[in-house]
Amino acid sequence: MSQQAVANRVNPDDAGHASQQIDVSGFIDAGGITARLTTIAEADSAGGASDDARAKVLALLRDAVREARSRVEEAFREDRAGHDCARRLASIQDILIERIHDYALNHVFPSSNLSSGERMAIVAVGGYGRGTLAPGSDIDLLFLLPYKQTALGEQVVEYLLYLLWDLGFKVGHATRTVDECIKLSRADMTIRTAILERWLIVGDVSLFAELGERFQREVVEGTSEEFIAAKLAERSARHAKLGNTRYLVEPNVKEGKGGLRDLNTLFWIAKYHYRVTTTEALAELGVISRRELKLFQKAEDFLWAVRCHLHFAAGKAEERLSFDLQPEIAERLGYNAHPGLKDVERFMKHYFLIAKDVGDLTRILCAALEEQHAKPAPGIAGIRNLVRNLRGRAKKIPGTIDFHIDNNRINVSSPTVFRDDPVNLIRVFRLAASNNLEYHPDTLKLIRRSLRLINGELRDNREANSLFLDVLTDRNNPEFHLRRMNEAGVLGRFIPEFGKIVAMMQFSMYHHYTVDEHLLRTIDNLSRIERGDLTIDHPMASELVGAIKDRRALYVALLLHDIAKGRPEDHSVAGARIARRLCPRLGLDEHETELVAWLVEDHLVMSMTAQQRDINDRKTILDFAERVRTLERLNLLMILTVCDIRAVGPGVWNGWKGQLLRTLYLETEPTLTGGFTRSTRAERLGASRERLAERLSDWSEAERAAYLDLHYPNYFLTTPLDEQVRHAAFIREAGATEPLKTSVRTDSFQGITEIMVLAPDHPRLLSILAGACAGAGANIADAQVFTMSDGRALDVLVLNREFAQDADELRRGERISGYIRSLLQGKDSRRKLISGQKSKRPPAAFSIHPSVRVDNELSNQFTVVEIEGLDRPGLLSDLTRAMADLNLDIRSAHISTYGEKAVDVFYVTDLLGTKVTSESRTERIVAWLTHVFENPGSEPMTAGILSAEKAYGLSRS
Numbered sequence: 007m008s009q010q011a012v013a014n015r016v017n018p019d020d021a022g023h024a025s026q027q028i029d030v031s032g033f034i035d036a037g038g039i040t041a042r043l044t045t046i047a048e049a050d051s052a053g054g055a056s057d058d059a060r061a062k063v064l065a066l067l068r069d070a071v072r073e074a075r076s077r078v079e080e081a082f083r084e085d086r087a088g089h090d091c092a093r094r095l096a097s098i099q100d101i102l103i104e105r106i107h108d109y110a111l112n113h114v115f116p117s118s119n120l121s122s123g124e125r126m127a128i129v130a131v132g133g134y135g136r137g138t139l140a141p142g143s144d145i146d147l148l149f150l151l152p153y154k155q156t157a158l159g160e161q162v163v164e165y166l167l168y169l170l171w172d173l174g175f176k177v178g179h180a181t182r183t184v185d186e187c188i189k190l191s192r193a194d195m196t197i198r199t200a201i202l203e204r205w206l207i208v209g210d211v212s213l214f215a216e217l218g219e220r221f222q223r224e225v226v227e228g229t230s231e232e233f234i235a236a237k238l239a240e241r242s243a244r245h246a247k248l249g250n251t252r253y254l255v256e257p258n259v260k261e262g263k264g265g266l267r268d269l270n271t272l273f274w275i276a277k278y279h280y281r282v283t284t285t286e287a288l289a290e291l292g293v294i295s296r297r298e299l300k301l302f303q304k305a306e307d308f309l310w311a312v313r314c315h316l317h318f319a320a321g322k323a324e325e326r327l328s329f330d331l332q333p334e335i336a337e338r339l340g341y342n343a344h345p346g347l348k349d350v351e352r353f354m355k356h357y358f359l360i361a362k363d364v365g366d367l368t369r370i371l372c373a374a375l376e377e378q379h380a381k382p383a384p385g386i387a388g389i390r391n392l393v394r395n396l397r398g399r400a401k402k403i404p405g406t407i408d409f410h411i412d413n414n415r416i417n418v419s420s421p422t423v424f425r426d427d428p429v430n431l432i433r434v435f436r437l438a439a440s441n442n443l444e445y446h447p448d449t450l451k452l453i454r455r456s457l458r459l460i461n462g463e464l465r466d467n468r469e470a471n472s473l474f475l476d477v478l479t480d481r482n483n484p485e486f487h488l489r490r491m492n493e494a495g496v497l498g499r500f501i502p503e504f505g506k507i508v509a510m511m512q513f514s515m516y517h518h519y520t521v522d523e524h525l526l527r528t529i530d531n532l533s534r535i536e537r538g539d540l541t542i543d544h545p546m547a548s549e550l551v552g553a554i555k556d557r558r559a560l561y562v563a564l565l566l567h568d569i570a571k572g573r574p575e576d577h578s579v580a581g582a583r584i585a586r587r588l589c590p591r592l593g594l595d596e597h598e599t600e601l602v603a604w605l606v607e608d609h610l611v612m613s614m615t616a617q618q619r620d621i622n623d624r625k626t627i628l629d630f631a632e633r634v635r636t637l638e639r640l641n642l643l644m645i646l647t648v649c650d651i652r653a654v655g656p657g658v659w660n661g662w663k664g665q666l667l668r669t670l671y672l673e674t675e676p677t678l679t680g681g682f683t684r685s686t687r688a689e690r691l692g693a694s695r696e697r698l699a700e701r702l703s704d705w706s707e708a709e710r711a712a713y714l715d716l717h718y719p720n721y722f723l724t725t726p727l728d729e730q731v732r733h734a735a736f737i738r739e740a741g742a743t744e745p746l747k748t749s750v751r752t753d754s755f756q757g758i759t760e761i762m763v764l765a766p767d768h769p770r771l772l773s774i775l776a777g778a779c780a781g782a783g784a785n786i787a788d789a790q791v792f793t794m795s796d797g798r799a800l801d802v803l804v805l806n807r808e809f810a811q812d813a814d815e816l817r818r819g820e821r822i823s824g825y826i827r828s829l830l831q832g833k834d835s836r837r838k839l840i841s842g843q844k845s846k847r848p849p850a851a852f853s854i855h856p857s858v859r860v861d862n863e864l865s866n867q868f869t870v871v872e873i874e875g876l877d878r879p880g881l882l883s884d885l886t887r888a889m890a891d892l893n894l895d896i897r898s899a900h901i902s903t904y905g906e907k908a909v910d911v912f913y914v915t916d917l918l919g920t921k922v923t924s925e926s927r928t929e930r931i932v933a934w935l936t937h938v939f940e941n942p943g944s945e946p947m948t949a950g951i952l953s954a955e956k957a958y959g960l961s962r963s
């Protein structure tokens with residue numbers, strides 16, 4: 007068959023697929039390959055069937071594939087046409103398979119006339135059957151037979167498959183008769199979907215046509231509702247598995263929400279129900295508009311471009327758009343940096359906007375299907391007759407004739423409701439919120455088509471702003487209605503500053519979601535705290551929220567606290583400026599406006615103070631109180647901080663952070679109230695000791711009293727009770743005679759592993775423990791150090807999880823414990839342990855210039871050394887060892903990890919117990935710790951980075 011014939015062939019039962027083929031004559035010489043294969047066969051003594059001939063065929067095809075793929079990638083980098091790239095790869099694959107098939111039949115297993123039983127059709131199914139392939143895609147083939155397999159058929163299939171495998175392709179294959187295909191399609195929805203997307207590559211046309219005709223008549227006919235329900239359920243399960251949000255900052259391009267699989271699902275459903283073969287046909291039927299057709303095509307081309315670039319860049323079938331690959335894909339697609347936004351952040355914003363478009367298209371198609379009763383309305387699946395009856399019954403909404411209730415969803419009463427009164431674009435969300443209604447797809451469609459009505463006049467409309475504020479502060483579920491408002495495009499147009507951060511990602515491993523998704527999740531957290539859903543997780547915030555006076559201000563502050571992200575200035579300061587301009591428009595008074603501006607500007611202060619400062623240092627409390635000034639502000643900031651941290655991503659919030667925040671609150675409260683507090687520090691200390699004593703009631707009184715005297719006050723005030731109980735059991739088990747003891751615990755939900763170490767206290771203890779972790783390639787996320795009155799120290803290390811299975815993670819923890827014992831007992835050296843980890847470097851995608859700050863103003867007793875830079879395995883070990891080498895005594899350590907960024911704060915003194923005040927010594931600390939950041943494992947005495955005079959604090963005379 008000629009190459010032109012391949013490029014233009016048409017499936018007998020599916021003419022629409024012809025448009026999916028593309029001319030690839032500029033990428034692969036199909037005729038030339040045929041001629042060279044014939045030459046190989048003619049020169050072979052066995053007529054092309056020998057092993058020597060097969061080796062030559064393999065070499066020929068390998069060169070042809072390599073050259074063709076190289077040309078496809080080169081063309082792709084120039085035209086950036088993702089869908090065309092996928093079609094070219096599929097057409098090249100067609101040519102390859104057809105040439106192997108023809109060579110096998112003509113030269114390896116020559117047969118002049120095939121019997122009726124020896125007929126066979128080689129069919130592309132699944133994604134390949136759609137006429138598209140990514141560079142690393144599996145090649146899914148169906149070898150279609152009229153009857154059972156024959157010897158000749160088996161030989162041809164085997165020859166073809168082994169050549170494809172030897173060429174490096176991953177091939178999924180099945181050999182079935184038409185009867186078997188029909189039977190299996192009825193029983194298995196995956197097989198049914200694969201055969202739905204079929205393409206004849208080479209072979210018997212009539213056999214392929216028979217499959218198509220019988221599949222349509224015996225499988226598809228009358229089963230639309232079943233197929234649609236199965237595909238939508240499959241989609242929901244896939245979304246749940248991958249996080250159930252399209253706004254993850256490392257999305258899965260193929261399987262994730264808003265990815266290619268969602269577009270595929272839409273087309274499968276449309277093809278199955280409407281009997282169409284192209285998306286253009288959906289527009290011709292009126293299922294989608296011409297604008298929505300262009301949206302589908304744009305989304306498909308963009309997602310294919312990203313996926314093909316991913317595969318080419320990774321050199322394999324990589325579907326996750328990881329941080330390491332995002333910058334390269336952004337560069338390949340031609341994105342440039344703008345002020346405040348990196349090129350990679352602009353690329354990812356475009357990605358998330360496309361993912362949002364895919365969600366819009368899904369809702370549009372589902373609405374059309376529901377109109378035809380092919381898909382049941384939400385909440386009443388399986389009761390079709392009831393659905394039809396309810397659809398005929400429109401219930402009124404009190405106070406409006408523009409909207410009505412349709413199956414517990416708000417729907418428009420007229421297609422002109424928004425044009426007649428643009429305030430209805432906000433009112434519809436207020437009515438839905440106050441009546442606890444879902445949104446009818448027709449309503450959302452009309453909203454999206456009316457967005458141009460949201461102009462300056464509507465933004466300044468007092469009623470519209472009042473309605474919006476009512477939605478934002480709704481008592482039931484404000485996040486749901488704000489999310490619908492955002493997805494419909496209303497929120498970003500009504501508040502243009504919010505529109506700028508829609509789909510914006512922050513190129514950071516710490517933030518799991520886009521900025522707008524994060525803001526909506528903070529609103530949801532506050533609403534859940536108000537409703538009492540999070541009392542166990544957040545007891546103090548749940549108690550405080552009922553007493554706050556400025557509820558509206560708190561909700562507005564949460565909506566705005568990150569609204570200035572992506573600007574070339576501090577987002578907190580810029581956000582406060584936006585708040586001062588926006589709040590009066592929303593109807594807030596002067597007091598509320600200033601309160602919102604303060605909350606936005608200082609929204610990080612409480613979190614940073616709790617995690618990066620010694621809250622047992624009185625100066626820390628006084629400085630924090632000076633920033634907060636009033637008890638009402640403290641209450642609001644406490645609640646905002648909880649909502650903010652919890653919305654960053656899974657596992658970011660934990661009980662230890664909660665305890666730090668509560669302790670900071672309780673230490674600050676009496677300072678703000680002139681001494682009045684729920685309880686004094688001494689009372690809280692006594693209550694904490696009593697609570698622990700109650701939990702240790704099965705101990706003898708003498709043993710219990712002795713144990714309570716082991717710990718200093720800060721331990722009781724900063725450590726959650728459940729952890730105190732665990733620590734007590736651990737220390738009791740060690741007894742007074744066991745000088746060194748370790749314990750390992752995993753937490754799969756938070757994705758961490760905890761190692762407890764009880765050992766004699768030592769200036770370098772933390773460095774030794776961190777070195778043991780570095781020796782195992784483990785990364786310390788948090789560390790708590792508790793000195794005890796008997797000369798021992800309890801250190802609790804929280805490590806990032808490496809393995810999915812608890813058993814594997816526990817084995818890793820025990821290995822690290824073994825390293826700890828070896829180091830503390832002098833059986834091994836730190837350098838030897840971590841030598842195998844030296845090759846590990848920070849992710850190339852991230853670059854943070856190290857910053858070291860030495861501050862004598864933050865504490866009256868200690869010098870505070872704050873170190874910030876790119877995190878890496880072994881960093882804490884290097885830093886603490888360097889500080890010991892610098893003759894600094896670490897009194898407390900506050901370890902924080904924000905994705906790829908480490909912020910480690912140490913309260914230190916010199917060996918005499920005084921602050922470090924010498925300017926030259928301060929310079930040495932800064933220079934050496936900066937050097938350690940950039941040179942893992944450096945030795946101080948060999949670095950040569952300072953003159954001897956500066957190194958020892960001397961000056962030339």
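Residue numbers (the numbering used here): 7 to 963. C-beta atoms are modelled at their ideal positions from N, C-alpha and C, and glycine is treated no differently.
What residue does the alpha helix (DSSP H) around D330 start on, and which one ends it?
As a first step, residue 330 must be located in the sequence shown, where it is residue number 324. Element bounds for D330: n/a, residue is neither H nor E.
Would A547 and I645 qualify as a contact pair, given that the criterion is a beta-carbon distance under 8 Å?
Working through the sequence shown from its first residue, we reach residue 547 at position 541. Working through the sequence shown from its first residue, we reach residue 645 at position 639. Cβ distance < 8 Å, so A547 and I645 count as in contact.
Looking at the secondary structure, which residues open and close the alpha helix (DSSP H) in which S242 lies?
Taking the first residue of the sequence shown as position 1, residue 242 is located at position 236. Unbroken alpha helix (DSSP H) run through S242: S230 to K247.
Three-state secondary structure assigned by DSSP to D412:
In the sequence shown, the residue the question calls residue 412 occupies position 406. Here D412 sits in strand by DSSP.
Go ahead and label L43 buried or exposed: buried means 16 or more other beta carbons lie within 10 angstroms of its beta carbon, across all protein chains shown.
Here residue 43 corresponds to residue number 37 of the sequence shown, with the count starting at 1. Per the 10 Å Cβ criterion, buried.
Less than 6 Å between C-beta atoms, sequence neighbours within five positions excluded: which residues of the same chain meet that for H900?
Within the sequence shown, residue 900 is the residue found at index 894, counting from 1. Correct list, in chain order: Q618 and V911.
Would a C-beta distance cut-off of 8 Å place H487 and F435 closer than the cut-off?
Taking the first residue of the sequence shown as position 1, residue 487 is located at position 481. Taking the first residue of the sequence shown as position 1, residue 435 is located at position 429. Yes, the Cβ-Cβ distance between H487 and F435 is below 8 Å.
Alpha carbon to alpha carbon, how far is N483 from A439?
Translated into positions along the sequence shown, residue 483 becomes position 477. Translated into positions along the sequence shown, residue 439 becomes position 433. For N483 and A439, the distance between alpha carbons rounds to 7 Å.
Enclosing beta strand (DSSP E) for L147 [first to last residue]
Residue numbering aside, residue 147 sits at position 141 when the sequence shown is read from its first letter. Its beta strand (DSSP E) spans residues I145 to L151.
Evaluate E73 with the Cβ neighbour count: other Cβ atoms within 10 Å of its Cβ, from every protein chain shown; 16 or more gives buried, anything less gives exposed.
Residue 73 sits at position 67 when you count from the first residue of the sequence shown. So E73 counts as exposed.
Can you name the start and end residues of the beta strand (DSSP E) that H900 belongs to?
Within the sequence shown, residue 900 is the residue found at index 894, counting from 1. Start and end: D895 to Y904.
Any idea if A782 is buried or exposed, counting beta-carbon neighbours within 10 angstroms, 16 or more meaning buried?
On the sequence shown, position 776 is the one that residue 782 refers to. Answer is buried; the Cβ neighbour count reaches 16.
For R296, which residues of its own chain have a beta-carbon under 6 Å away from its beta-carbon, when the five flanking residues on both sides are left out?
As a working note, residue 296 is residue 290 in the sequence shown. For R296, where only same-chain residues beyond five positions count, the Cβ hits under 6 Å are A289.
Does DSSP put E964 in a helix, a strand or coil?
Outside the modelled stretch of the chain, which goes from 7 to 963, sits residue 964, for which no answer is possible.
Span separating the alpha-carbon of H245 from that of A570
For this step, residue 245 is matched to residue 239 along the sequence shown. For this step, residue 570 is matched to residue 564 along the sequence shown. So the two alpha carbons sit approximately 30 Å from each other.
Mapping DSSP to helix, strand and coil, what is L167?
Reading the sequence shown from its first residue, position 161 is the one you call residue 167. Secondary structure at L167: helix, using DSSP grouped into helix, strand and coil.
Skipping 5 residues on each side, what residues in its chain have a beta carbon closer than 6 Å to that of R847?
Translated into the one-based positions of the sequence shown, residue 847 becomes position 841. Reliability of the predicted coordinates at R847 is poor, the pLDDT of 49 falling under 50, and the value obtained from them is presented with this limitation in mind. Here the set comprises nothing.
Residues sharing a beta bridge with R481, DSSP:
Position 475 of the sequence shown, counted from the first residue, corresponds to residue 481. In DSSP, R481 forms no bridge with anything.
Confirm, please, whether the CB-CB distance from I39 to R93 is below 8 Å.
The residue labelled residue 93 in the question sits at position 87 within the sequence shown. The residue labelled residue 39 in the question sits at position 33 within the sequence shown. Against a cut-off of 8 Å, the Cβ pair of I39 and R93 comes out as no contact.
Residues bridged to E224 (per DSSP):
Numbered from its first residue, the sequence shown carries residue 224 at position 218. None, per the DSSP bridge assignment.
Pairwise C-alpha distance: V429 and K362:
Position 356 of the sequence shown, counted from the first residue, corresponds to residue 362. Position 423 of the sequence shown, counted from the first residue, corresponds to residue 429. Answer to the nearest angstrom: the Cα atoms are 25 Å apart.
Taking only the alpha-carbon atoms, compute the straight-line gap between V131 and Y165 and give it to the nearest angstrom.
For the purposes of this step, residue 131 is taken as the residue at position 125 of the sequence shown. For the purposes of this step, residue 165 is taken as the residue at position 159 of the sequence shown. If you take the alpha carbons of V131 and Y165, they lie about 20 Å apart.
Once DSSP output is grouped into helix, strand and coil, what is the label at L120?
Position 114 of the sequence shown, counting from 1, holds the residue named residue 120. Correct three-state label for L120: coil.
For V611 versus R583, is the C-beta distance shorter than 8 Å?
Taking the sequence shown and counting its residues from 1, the one referred to as residue 611 is at position 605. Taking the sequence shown and counting its residues from 1, the one referred to as residue 583 is at position 577. Going by C-beta atoms, V611 is not nearer than 8 Å to R583.
Using the three-state DSSP reduction, which class does M794 fall into: helix, strand or coil?
Counting from 1 along the sequence shown, the entry for residue 794 is found at position 788. In this structure, M794 counts as strand in the three-state DSSP scheme.
Which value, in whole angstroms, describes the spacing of the CA atoms of H567 and G661?
Reading the sequence shown from its first residue, position 561 is the one you call residue 567. Reading the sequence shown from its first residue, position 655 is the one you call residue 661. Going from the Cα of H567 to the Cα of G661 covers about 24 Å.
Test item: CB-CB of P141 and R192 under 8 Å
Here residue 141 refers to the residue found at position 135 when the sequence shown is read from its first residue. Here residue 192 refers to the residue found at position 186 when the sequence shown is read from its first residue. Cβ distance not < 8 Å, so P141 and R192 don't count as in contact.
Could you tell me which residues DSSP pairs with N258 in its beta bridges?
As a position in the sequence shown, residue 258 is number 252, starting the count at 1. Beta-bridge pairing links N258 to R326.
G398 burial status per 10 Å Cβ neighbour count (16 or more: buried)
Against the sequence shown, residue 398 aligns to sequence position 392. In this prediction, G398 has a pLDDT of 44, which is less than 50 and means its spatial position is unreliable; what the coordinates show is noted afterwards. Exposed: under 16 other Cβ atoms inside 10 Å.
Taking only runs that begin and end inside the segment 166-202, name each unbroken beta strand (DSSP E) of 3 or more residues, in chain order.
177-183
So is D58 buried or exposed if we call it buried at 16+ other beta carbons inside 10 Å?
Within the sequence shown, the letter at position 52 stands for residue 58. Exposed is the call here.
Would you tell me roughly how many angstroms separate the C-alpha atoms of I106 and V63, rounded to the nearest one?
Within the sequence shown, the letter at position 100 stands for residue 106. Within the sequence shown, the letter at position 57 stands for residue 63. Roughly 9 Å separates the two Cα atoms.
Would you kindly work out how many angstroms separate the C-alpha atoms of E325 and D556, rounded to a whole number?
The residue given as residue 325 occupies position 319 in the sequence shown. The residue given as residue 556 occupies position 550 in the sequence shown. Their Cα atoms are separated by approximately 46 Å.
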